[in-house]
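Everything below concerns the one structure shown next.
Numbering (my numbering), first residue to last: 3 to 411.
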């Protein structure tokens with residue numbers, strides 16, 4: 003007889019769209035801190051739901067490795083498996099590099115991003131945010147997600163990397179096509195790859211004050227392919243989650259009375275809303291993955307060598323063992339797992355860049371459209387049906403039409 007305690011949970015479907023927090027609570031009730039799950043094609047894996055257990059997995063790269071070659075399921079994975087872009091075979095990027103080589107690559111990325119001038123970063127974010135709002139402000143209504151949040155982060159990142167402003171819109175289209183995974187995905191991926199290699203060739207010939215030039219100038223001995231792959235990983239990781247951070251934060255501010263003051267110009271609550279989103283509605287829900295290097299036990303579960311272990315960031319953030327009152331305001335508590343943990347967490351400089359882009363994007367929008375309001379009931383808002391990234395399909399709003407800033411320049 004199959005019981006809830008033994009039945010694996012399908013990691014997908016409409017419940018990840020409607021109420022994943024309740025689903026995680028049920029999984030924790032039925033399975034404990036580590037739950038058996040199945041992916042597309044009935045591929046088995048483990049999802050870590052517990053805060054302490056996630057800390058244990060991410061703190062022990064020797065036992066829970068990032069080396070996907072260890073996976074004991076490769077013989078049953080078809081070439082057209084839809085999750086291959088997310089759980090793929092080892093690639094020449096930092097994602098699948100382990101040990102000292104990974105630490106060296108992470109240091110190169112961190113040093114390149116740490117050199118970004120914070121005033122220059124904020125200036126780029128403000129300029130592109132104003133440019134996007136100039137195209138919307140006279141209409142009186144827009145979709146914040148599709149027409150603003152999904153366009154802003156990559157424009158800023160492209161500029162920091164060394165791309166020209168003219169290349170930015172094409173890169174945004176290519177990245178969003180790739181993320182959507184539909185008919186334009188492969189073409190978008192090609193455009194990004196070709197553009198990155200062309201950028202590196204140009205910067206090798208004529209270096210500039212940009213992230214790409216700084217990575218090329220590093221003397222740690224990385225190949226052109228490694229630098230290109232790492233730049234593309236950073237671009238993808240910095241774009242969609244930051245766009246969802248903007249969208250999820252604005253949704254909270256537009257639908258929760260606790261944040262109403264921020265809509266009248268209060269800046270303090272913008273940061274509070276962004277912090278609460280990282281706890282309660284984090285853009286990155288689940289991450290693939292880690293692979294066990296030997297048979298082991300985790301939260302009483304027998305994990306076999308080569309098993310895939312998925313990091314349940316959102317579930318761990320809501321673990322009642324560390325958050326007894328999940329409904330309380332999170333304030334300045336930054337102990338969330340939303341940026342990962344351990345060697346393979348998001349580099350701190352990258353996290354800081356994402357935060358500046360997201361916060362600036364929200365503040366500029368509220369400054370330019372001070373009476374912005376949700377267009378329709380909050381219950382009508384829907385999420386993308388993804389167990390991995392959590393973001394809105396659209397955030398329709400209305401506001402008083404205003405002239406573009408360009409009209410006064």
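Here a beta-carbon is modelled for each residue, glycine too, at the ideal position from N, C-alpha and C.
- Under the three-state reduction of DSSP, residue 12 is assigned to strand.
- Within the segment 285-311, no complete alpha helix (DSSP H) segment of 4 residues or longer occurs.
- For residue 372, the closest C-alpha among the options 309, 46 and 135 is that of 135.
- Counting only runs of at least 4 residues, the segment 111-158 fully encloses the following alpha helix (DSSP H) elements, listed from N- to C-terminal order: 120-136.
- Within the same chain, 124, 127, 128 and 131 come within 7 Å of residue 362 by CB-CB distance, once the 5 residues on both sides are set aside.
- It is roughly 5 Å from the alpha-carbon of residue 241 to the alpha-carbon of residue 156.
- Residue pairing from DSSP places residue 66 in a beta bridge opposite 294.
- Remark: C-beta atoms of residue 201 and residue 164 approach each other more closely than 7 Å.
- By the CB criterion at 7 Å, residue 288 and residue 314 fall inside the cutoff.
- Comparing C-alpha distances from residue 356 to each of 275, 154, 180 and 301 shows the shortest one belongs to 154.
- Around the beta carbon of residue 22, a 10 Å sphere encloses 16 or more other beta carbons of the protein chains shown; the residue is thus reported as buried.
- Residue range 350-370 is occupied by the alpha helix (DSSP H) that includes residue 351.
- Annotation: the continuous beta strand (DSSP E) that includes residue 36 extends over 36-41.
- Out of 403, 47, 406 and 37, the CA that lies nearest to the CA of residue 294 is found in 47.
- Residue range 226-257 is occupied by the alpha helix (DSSP H) that includes residue 247.
- For residue 46, the enclosing beta strand (DSSP E) stretches over residues 45-50.
- Under the three-state reduction of DSSP, residue 71 is assigned to helix.
- Nearest in C-alpha terms to residue 321, of all of 384, 250, 35 and 255, is 35.
- Around the beta carbon of residue 9, a 10 Å sphere encloses fewer than 16 other beta carbons of the protein chains shown; the residue is thus reported as exposed.
- In the displayed model, residue 389 falls within coil according to three-state DSSP, outside both helix and strand.
- Between residue 106 and residue 222, the alpha-carbon positions lie close to 7 Å from each other.
- Boundaries of the beta strand (DSSP E) around residue 399: 398-400.
- Taken atom to atom, the span from the alpha-carbon of residue 73 to that of residue 55 is near 20 Å.
- The shortest C-alpha to C-alpha distance from residue 393 to any of 116, 252 and 89 is the one to 252.
- Within the same chain, 42 come within 6 Å of residue 84 by CB-CB distance, once the 5 residues on both sides are set aside.
- Cβ contact annotation for residue 391 (same chain, cutoff 8 Å, sequence separation greater than five): 242, 243, 246, 285, 286 and 287, in chain order.
- Rounded to the nearest whole angstrom, the C-alpha separation of residue 150 and residue 396 is 11 Å.
- Around the C-beta of residue 196, fewer than 16 other C-beta atoms lie within 10 Å, and the residue is accordingly described as exposed.
- Look at residue 164 here: in three-state DSSP terms it is coil, with no helix or strand label.
- For residue 33, the enclosing alpha helix (DSSP H) begins and ends at 22-33.
- Rounded to whole angstroms, residue 37 and residue 89 show a C-alpha spacing of 19 Å.
- Annotation: the continuous alpha helix (DSSP H) that includes residue 57 extends over 53-60.
- Straight across, the Cα-Cα distance linking residue 206 with residue 229 is about 12 Å.
- In the assembly as shown, residue 64 is an exposed residue. Its beta-carbon has fewer than 16 other beta-carbons within 10 Å.
- DSSP places residue 77 in the helix class (H, G or I) of the three-state scheme.
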